[in-house]
Amino acid sequence: MLDKMKQLWEMKRKMDEIKKELDSLELSSEDNLVKVTITGSQEVKRVELKCDPAATDKAKLEASLADTVNRAVRESQKAAAQKMSALGGIPGLA
Numbered sequence: 046m047l048d049k050m051k052q053l054w055e056m057k058r059k060m061d062e063i064k065k066e067l068d069s070l071e072l073s074s075e076d077n078l079v080k081v082t083i084t085g086s087q088e089v090k091r092v093e094l095k096c097d098p099a100a101t102d103k104a105k106l107e108a109s110l111a112d113t114v115n116r117a118v119r120e121s122q123k124a125a126a127q128k129m130s131a132l133g134g135i136p137g138l139a
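Letter by letter, the sequence shown follows residues 46 to 139 in the working numbering.
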């Protein structure tokens with residue numbers, strides 16, 4: 046039982062380490078209208094408009110922003126999955 050507790054504490058330590066890495070990781074997604082920068086923890090850090098909003102169709106700008114944010118989120122999910130796969134499982138806990 047003590048061995049399993051040690052494994053759980055080690056897993057928690059590794060997860061905390063991965064969380065810190067994801068918090069500091071920044072990923073960007075962009076198109077010709079906007080650029081979105083997001084952390085590996087999916088916190089939006091920056092949204093940059095690469096066009097003049099007054100001269101751009103509102104619906105087109107909104108769609109571009111939504112698509113760009115969604116791409117950034119997918120990239121952060123992939124990064125998180127790669128980091129979490131390094132954890133593997135906990136042997137003997139099943």
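Idealized CB from N, CA, C, for every residue including glycine.
What's the C-alpha gap between residue i and residue j?
i	j	result
residue 114	residue 129	22 Å
residue 112	residue 88	16 Å
residue 56	residue 132	7 Å
residue 81	residue 52	38 Å
Return yes when the C-beta of residue i is under 8 Å from any heavy atom of the ligand MG, and no when it is not.
i	result
residue 48	Summarising the ligand content, the structure contains no ligands, and the ligand MG is consequently not present.
Put residue i into one of helix, strand or coil per three-state DSSP.
i	result
residue 82	strand
residue 57	helix
residue 93	strand
residue 72	strand
For residue i versus residue j, is the C-beta distance shorter than 9 Å?
i	j	result
residue 78	residue 103	no
residue 92	residue 70	no
residue 120	residue 95	no
residue 72	residue 100	no
What whole-angstrom Cβ distance do residue i and residue j have, given they're in contact under 8 Å?
i	j	result
residue 84	residue 68	6 Å
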